Every structure is written in C-alpha cells, then in structure tokens.
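Residue numbers (my numbering), protein chains in the order written: chain A, 9 to 326; chain B, 645 to 993; chain C, 829 to 1143.
Here a beta-carbon is modelled for each residue, glycine too, at the ideal position from N, C-alpha and C.
Just so we're clear, the structure is a prediction, and the values are computed from it rather than from any experiment.
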Ligand SMILES: Nc1ncnc2c1ncn2[C@@H]1O[C@H](COP(=O)(O)OP(=O)(O)O)[C@@H](O)[C@H]1O
Ligand code: SF4
Ligand SMILES: [Mg+2]
C-alpha cells in the first residue's frame, strides 16, 4: 500500500510538471498570442481572448486558472474572427476514436508478437527463428506512415478491399467499423510487433535457462505447458512495461495515421487546429495526451507489480 | 481411456518387478564446447536396488550433476554426446529421448534440485506447482488434487499447509522452499528420487532436517534415492552404498559401512578429511589437499588424481588405474597404491 | 538484410544451463556479431552515398528541382529519361529526392548533434558527479520523457513556428525549428544512455586511480571517461538519426515538416499523398529512401553496440 501511495505522490508531481510545460508552450509563440490566434479579429474579440487567457495576470496565476479550468473540463475555445466555441465537445467525440485505434493496434501487435516470440524462443536458432528475426528487423525500419500509404494503395486503391478513409462508430455498424479500422490499426501495429517479438524472445530464452523450467520438465510437463504456463509470465514483465511505454509511440503514430486515414480522433483534431492556428486548442490536446500518458504509465507500474509477486513483495516491505 | 493412461498401463505391463531398479553401465556424457570436448561423465557404471539409497560424492565439478541429469535424460538438446546404457526396471532408456522420458518424469523418477531459490516458479502459487503434476499425470479432480497437495505439504513438515498453498515461493524461507520442492517431487509417488545437493544452498541449521526428511520419506515410500553431495558426512548415516566421483569417473564404490572402515582411494580419504565440522560454512572445494580438479577437456594421462595425490608414484602418471572389485563384496576402487594396504600395488596387479 | 548469429557456446555448469528438451540453447543474439559483415558494409556504403548526395547535390547533373513540365506530371519512373519520373506538378522527382536528402539530413543530423551536445553533457556530469545534481537532472529528464516523443516535437514545432503568415516576432527557418524541437526531444534519451554508460566507466580502476592521484575532475571526465562513453553515444546517435528522419516524415504529413519549396523526403511524401491513386511512385520512392536509410542506421547501431559490448542499461 505504501508503494501505491508513494507512486501516487510521484504521479501528482509529474502531472503538475507536465501540465506546466504544456502551459509554457504558448510563450514560445513568436509574437503576441492574441495577434497570432485572431489576427483579423475585432478589438472586442481581442479583448475577450485576452481575458479568456488572463494574459494580463502574472504567470503563476494564469497557470493556476488554466489548470483548474482543465480539471473542471474547460479545455479552452476555438476562436474564429466572429465567434468562439468550446474545445471540450470535440475532444469528447474524438477521444474514443483515438483510444479505439490504439487499442486495436496494441491488441493486433500483441496477438502476433506473443505467439511468434514464444515460438522463436522455443526454436531459437532455427530457420523459422532467423526468418522471424530478419522480418522484425525490417519491420522496425518501416515508418508507420509509409506502411499506411502502402496499405491504402494496395488494399484500398488497387484491390479495392477496404475503404481508404473515414470512420464508422462501432455502435452504428460493427463490420464497417472494423473494416475501416483495420488498415489504420495495422499500420500502427507493424512496428510494435517487431519490438514486442524481439523483447519477448530474448526474455523467454533467458527464462528457459532457469532452474524452475528444468524442474517443470522433470515433473513431466509437456513443452507447450512449460512454455505458456511456466515461462511466459515471468518473461512478460519487460514486454508489459515496454508495451505501456510504447503507448507514447502509439499516440504519436496515431496522430499521423488518423490524418492519413481521415479518422476523427484527437490526432485529426490537432492537425486541424494547427492548420487553422487554434493554439489554445492545440495546447489543450497536448496536455490531455501528456497527462493521459503519465497516468497510463502509472497504471502499468501497478500492473507490473501485480504480475510479479516478487516485486509486489519487495516494494511492500520497502 | 486417455492416451496418457494407456501409456502408463503399457508401462506397467512390461514392468519387471525383479532385478535392480536402475542399471547404468559405461555411461558417458560429453559436451561439445569452443574449448573442445568436455568429458563431464566418462564411463560410469552403477546399480541401484529398489528402495535403497546411493550416495554420490565428489567435489564440485566432478560430474555429479551431469551424471544424475544424464540418467534422468534432463540434458541440453544440443552439443551433447552421450553413450552407454541406462536400464530402468529393465527397460533401456539410455537415449534420453524426451518422448520416451516424459512419461517417466514425475511419476517414475523425480528430482530435487540444489537451489530452492531458483527451482520454484516465482510467479506460480505453491499449490498450483504441486497440483499441476497430480492433475496432469494422475488426472485427478481439482479438489482431490488440492487435498493431496495439502497432505503432501503436511507430510514434508510444512505448518499451515492450507495457507501455504496460496502463497508464492518468495514468501517462504529457503528450508521451507526445499520442503516444497520435495513435496513436488514426491507428489506422484516416484520409484527413484534424485536429490542433487539438496542442502548445499541451505542454512546449516536446516540441512540436517531436510536430509532426515528425505530419508524418512524414502523409507516410508520404499523409494530408491540417489543422494548427490560434495560432503561425505551427509551420506554417512543415510546411504546404503556410496560412489565417489572424481573428474567424471567413479573412483571408489562400496557399501557405506565398508567405505568408511576400509577406505582405499586417496581421493576418498581426502574427502573424508574435508568433511566440514559442525558449524563450519559448507565448502564445495576440497580444502584438505589443495589443488583443483583436472581439466575435463584435456585430463592428465594416467590416474587423473595423480597431480594432487599424496601417494602418487611414477606409474600413476603413465597408466590408468581401472575400477576393480576387491576384498569384501561390492567394494571397488581405482588406484595402484591404495590407502591402508601398505605400498603393495593392488589394482591391475 | 539478414542478421548474423552470435552463438556463444557457454561452458557453464548444468545448473544454469537450459535443460528443456526441445528448447534449443543456441543463444542466437538479435544483435549482430562483432564482425561488420557484408550487410554491415552494404549499410555503410548506402549511408556514405546518402551523405555524399546531401553534400554534393548542387554539383550533380540534375534537372532543375523547381521546373514544372506539364507532360511529366504524375508520370512514372523512366518517363523521357526521368529515372524517378515526375511529381504531381511535373517536376523531376530524382532531383527533388536528391535535394530532399539534404534537408532530411540537415534536420536529423542537426537535431541529434544538438541532442548529443546537450544530452551528452548532462548525462556525463550526472553520471560522474552523482549526488543531488544527478537527482535533479534525471528528474528533469524523466519529466521530458513523460510526453510521447512525437507529440512533444509536434507541440514544440507548432509553437516555435507560429503562423507562417504572421508578422512580427522572431521567425526561424523551418529547418532550424525542426532541429531545435527534435533536438530537445532527443536530449533526454541521449542523456539517459550517456549517464548509464558513464556510471559504469566512472567506477573503473583507471578512473579511480587518476582520481586518487588528484587529477582534476573535468580533466578525468573528458580525458578518461568520455572516450569510453563515446561508443555508446555513437550507437544511440545512429539510431537517433533514424528516428528523426522518420519523425520529420511524420511531421511533414501534419504540415509541420520542412517548409516548401525546399524539398525533404518527408514533404515529398506529404505532397505526393494527393496523387497516391494515380502516381504512387511519388510516395513510394522517398519512402523507400527512408526505409533503406533507417535500416542501415539501425543495423550499424547494432554492430557498434555488439562491437563495444554495450548493454542497454539506459532503456
Ligand atoms: N552444458 C555443459 N556444457 C559444457 N560443460 C558442461 C555443461 N554442463 C556441465 N559442464 C561441465 O561438466 C563438469 C561437471 O559439472 P557438474 O556435473 O555440474 O559437477 P558437480 O555437479 O559435480 O559439481 C563441469 O566441469 C562443468 O563445467
Ligand atoms: S593411482 Fe596413484 S595417483 Fe591415482 S589415486 Fe592411486 S596412488 Fe594416487
Ligand atoms: Mg552439481
């Protein structure tokens, strides 16, 4: 329990720093933010924006106001020359799309990488192992946008198998939903497959050298049971951590992939906000992503200690 | 009938109930390495009757572990050269092929490993590690397996076995863990138990308890046991016979009482001198005579013990002494100038 | 490209040896052997070529990169002697890709170079002086790592660059903006690896010996420690350049890459996306250039790591 409390304190500190860095972004803008955001706006509107952003307050007050706004679900506004509307509504609609995309990619990656990783560790040195390793090495070098474009050209344009752009909510039409998510998720998954597979393979090879594996063998357990019941879990800790950390890569990738496949996720929102100079909105999206990522890593850390009772124990007595 | 059961019934059908349980003859296990062929076990022959205990003694690196794993067929798959014969209940299992061995593992022969810290799966509950083989080999129901496991834990002296079932290995002390590995090994009632230095990694204070436990279980179950150790003191009161190993070979073999009263091989004598006194930290190296065991890739010609032997003479460096039976029945040793017989050459004479 | 295996026949005792029957113990490492090998030389040759193109592109006999020929628009490779064909506007793709090499390398090498200087320095002093300095520095780096990398880069580029049409303020060239942003992003990673490597070297006898002899800290740090830490930094730099090349591509697709009309591999792909249906070669040729370059960099990074026996303690 003390471990969790300590982690929670750490989480809070990092969250504060992450939000503060995001807050500072606005100061990087060359020139006055008001000029940048509403260059052609009326004086009234500029004044309204100035007040929205509390630009005349000292920095720390501004940060505090902004942060408490975030906590209350106020993510700022989109500004046009004549009007403004809140960001939160768009954000709420986009969030599930991005989460779905990343979840599918992660599931796809693990579903391929775990069996292949286990098999290559079991048959280390075999021709299958070498082929899998070489493919993984090549997969690591493929940028996800190149895979996305390659897939949309071959599967989308040439073979006309899958729609190249657009989104369909799961609730509306499940088959169509998956048809439209397949290529985006696969584009994101390819690189992860390679990483996870290589990781699991090397950890698994190390685990298979352990005495308790010999012991399981001496008990007469079959290889399949030894691999999946005895060796996989102790070998999957690094995999889990990296899968957690890799969500960062996944988020970055998702932004690009959403733009390529026109999926209405957060990445697409960021893209549109950048195009239309909605810096307040961009800042909110960045802080949401940063905070979500920090919280996720915290959860991975907790999960990690559940998976390995040794760590739970060591940490508990610390 | 499930395939597994069929296999075991076939096994029983061809089981020969007379004759020794285990016969090993001229077993050799060599490893191919970058340095050359490591002759870890080099022509070992043994016989073990049902329900008896054989002590295998030798300093660290003499090939005891490789010998027990060769017999059991638990060797790496690659870069191993094996020859010789192993007969278990009259059946040849010398090839060590996992497909023929797997039905024997756990049910017919089992092993207790040296280090209970590493031989239990750290992320599996104790209970599951015991019931696993019960359920797999005997195909019993879950509840029954649990009850059996609790009874097993109780019989190996673990207090509060119901609670321990749900715990993980790191929550137990070293001695308790070794009791658990013993319970696991005993679960399916093996006829032959290998105990490979079962107490070396443990506190001196619990060593005797574990050894007594093994001995009690062995008697109770009429189970044969191969007790491997570097410490002659460990096998002294517990083994029926003792085989002393040096550099992959058996250099002296005798019923326990005979070995201690009519010790002939200088190496056995050296081992005896190095029995740790009570309270000493346990040594795995031979302190009494110094020197290291020979290189197993390129061993010295003649008697392999010659470079360290206080009785060595010219002949020892040139001729290889052969394990020869002599004197009282079942006593054999490989030495030209045995201890306690004066200077008269015996073996090979 | 195949990865040569590295089988270390071990002479450990059976106790630590894998004994699972069908499980092979051949310890085939993912990292290549110490030998560079054919693949390694191929990788090096490709990278040398890329660097030469980036330097010498003004001297190469290429078509004007901005000249549009209507009949060349969207035409595939080998149309009228244009080896890579034309782009969407009828410009020679070969010369655009060749010039794109320059911008892509400027961004990637520049950013990683900056990251090496700053991150390397912080990593060295954190790993050598330890103490509170280390705690503060690693804490700071960890916070920077708390952002997903591409998102941080995206944020930095967006805000550093501002509105291209905006008057006033200090305007930086997009290449410089990318170098700064991606340099900042790569700093904590490089610092981490450098610190980990410094930690191990700072405890070696020869370093402790010079310390005992009263040599000045910075002298030891730069004379004794740094040369040994460099291989680790070099291998991470190779991987870093690869990551940044890809990042520039990703940012280009978001309209945040090198600004047109200057071509980069990334913005050629971004622009070519509009013609994917009719002229996929515009997207695929620079994509292949990125792929091979990244492959070569990753491979050589592995070779360096294997050669200097660098463990990934920094990860
Ligand atoms: N897989 C292997 N490959 C090469 N040599 C090995 C292997 N396993 C054991 N050996 C060698 O065989 C010798 C005997 O080892 P071991 O049986 O473990 O000795 P003991 O158990 O008597 O201490 C040692 O020299 C050891 O290095
Ligand atoms: S044969 Fe010679 S060297 Fe060997 S043990 Fe006997 S006396 Fe010693
Ligand atoms: Mg041993």
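Range covered by the alpha helix (DSSP H) that runs through residue i
i: residue 870(B); result: That residue, residue 870(B), is in no alpha helix (DSSP H); its beta strand (DSSP E) goes 868-873.
i: residue 199(A); result: 182-216
i: residue 117(A); result: 96-130
i: residue 1040(C); result: 1033-1040
i: residue 256(A); result: 255-268
i: residue 1071(C); result: 1054-1081
i: residue 280(A); result: 274-283
i: residue 850(B); result: 848-864
i: residue 868(C); result: 865-884
i: residue 145(A); result: 135-148
i: residue 1026(C); result: 1002-1030
Anticipated Cβ contact below 8 angstroms, residue i with residue j, distance rounded
i: residue 962(B); j: residue 982(B); result: Contact doesn't hold; Cβ gap of about 18 angstroms is too wide.
i: residue 869(C); j: residue 893(C); result: Not quite, the Cβ-Cβ distance comes to about 31 angstroms (not below 8 angstroms), so this is no contact.
i: residue 824(B); j: residue 770(B); result: 6 angstroms
i: residue 869(B); j: residue 700(B); result: At roughly 11 angstroms, the Cβ-Cβ gap does not stay under 8 angstroms, so residue 869(B) and residue 700(B) are not in contact.
i: residue 822(B); j: residue 842(B); result: 6 angstroms
Residues near residue i by beta carbon distance below 7 angstroms, same chain, minus five either side
i: residue 70(A); result: 62
i: residue 820(B); result: 802
i: residue 667(B); result: 691 and 731
i: residue 883(B); result: 697, 698, 699, 871 and 900
i: residue 978(C); result: 1075 and 1078
i: residue 850(C); result: The predicted model places residue 850(C) with a pLDDT of 29, which falls under 50 and marks its position as unreliable, so this point remains unresolved.
Contact set for residue i: own chain, Cβ-Cβ below 8 angstroms, skip 5 residues either direction
i: residue 150(A); result: 198 and 199
i: residue 23(A); result: 299, 302 and 303
i: residue 765(B); result: 773 and 813
i: residue 45(A); result: 57, 87, 285, 286, 287 and 288
Span separating the alpha-carbon of residue i from that of residue j
i: residue 929(C); j: residue 874(C); result: 12 angstroms
i: residue 900(C); j: residue 920(C); result: 8 angstroms
i: residue 856(C); j: residue 139(A); result: Residue confidence for residue 856(C) is low, a pLDDT of 32 falling below 50, so the modelled location carries little weight; the figure read from the coordinates is stated next. Straight-line Cα distance between these residues: approximately 12 angstroms.
i: residue 188(A); j: residue 266(A); result: 11 angstroms
i: residue 986(C); j: residue 15(A); result: 33 angstroms
i: residue 980(B); j: residue 959(B); result: 8 angstroms
i: residue 108(A); j: residue 173(A); result: 16 angstroms
i: residue 201(A); j: residue 145(A); result: 10 angstroms
i: residue 96(A); j: residue 84(A); result: 8 angstroms
i: residue 1048(C); j: residue 1057(C); result: 13 angstroms
i: residue 1026(C); j: residue 1019(C); result: 10 angstroms
i: residue 184(A); j: residue 176(A); result: 6 angstroms
i: residue 811(B); j: residue 838(B); result: 26 angstroms
i: residue 902(C); j: residue 890(C); result: 19 angstroms
i: residue 1067(C); j: residue 1093(C); result: 18 angstroms
i: residue 1136(C); j: residue 1059(C); result: 7 angstroms
Same chain, Cβ closer than 6 angstroms to residue i, five either side skipped, listed in chain order
i: residue 125(A); result: 205, 208 and 209
i: residue 1002(C); result: 1086 and 1087
Range covered by the beta strand (DSSP E) that runs through residue i
i: residue 677(B); result: 666-677
i: residue 34(A); result: Note, residue 34(A): premise wrong, no beta strand (DSSP E); not H, not E.
i: residue 85(A); result: 85-87
Any non-hydrogen atom of ligand 5 within 7 angstroms of residue i CB
i: residue 728(B); result: The model on display carries ligand 1, ligand 2 and ligand 3 but not ligand 5.
Neighbour flag for residue i against chain F, beta carbons, 8 angstroms
i: residue 757(B); result: Within the model displayed, chain F is absent; protein chains A, B and C are what it includes.
- Would you list, in chain order, the members of the stretch 884-906 of chain C that have their beta-carbon closer than 7 angstroms to a beta-carbon of chain A? none
- Message: Using a Cβ-Cβ cutoff of 8 angstroms, what residues of the stretch 146-173 of chain A are near chain C? List them in chain order.
- Response: 146, 148, 149, 150, 151, 152, 153, 154, 157, 158, 160, 161 and 165
- Task: Please list the residues of the stretch 1108-1122 of chain C that have a C-beta atom closer than 7 angstroms to any C-beta atom in chain A, keeping them in chain order.
- Result: 1108, 1111, 1115, 1118, 1119 and 1122
- Within 8 angstroms of chain C by C-beta, residues of the stretch 301-314 of chain A in sequence order: 301, 302 and 305
- Between the stretch 275-288 of chain A and chain C, which residues of the former have CB atoms less than 8 angstroms from a CB of the latter, in chain order? 278, 279, 282, 283, 285 and 287
- Message: So if I threshold CB-CB distances at 9 angstroms, which residues from the stretch 867-901 of chain B count as touching chain A?
- Response: none
- Query: Using Cβ-Cβ distances below 9 angstroms, what residues of the stretch 208-232 of chain A are close to chain B?
  - Reply: 218, 219, 220, 221, 222, 223, 224, 225, 226, 227, 228, 229, 230 and 231
- Query: Using a beta-carbon distance cut-off of less than 7 angstroms, what residues from the stretch 966-979 of chain C approach chain A?
  - Reply: 971, 974, 975, 976, 977, 978 and 979
- Message: Please identify, using Cβ separations under 8 angstroms, the residues of the stretch 771-792 of chain B that lie next to chain A, in order along the chain.
- Response: 776, 777, 780 and 781
- Item | Residues, ordered as in the chain, of the stretch 232-255 of chain A that lie near chain B by beta-carbon distance below 7 angstroms | 238, 241 and 242
- Task: Using a Cβ-Cβ cut-off of less than 8 angstroms, list which residues of the stretch 13-31 of chain A approach chain C; keep chain order.
- Result: 22, 25, 26, 29 and 30
- Message: Taking beta-carbon pairs under 9 angstroms, can you tell me which members of the stretch 912-925 of chain C lie near chain A?
- Response: none
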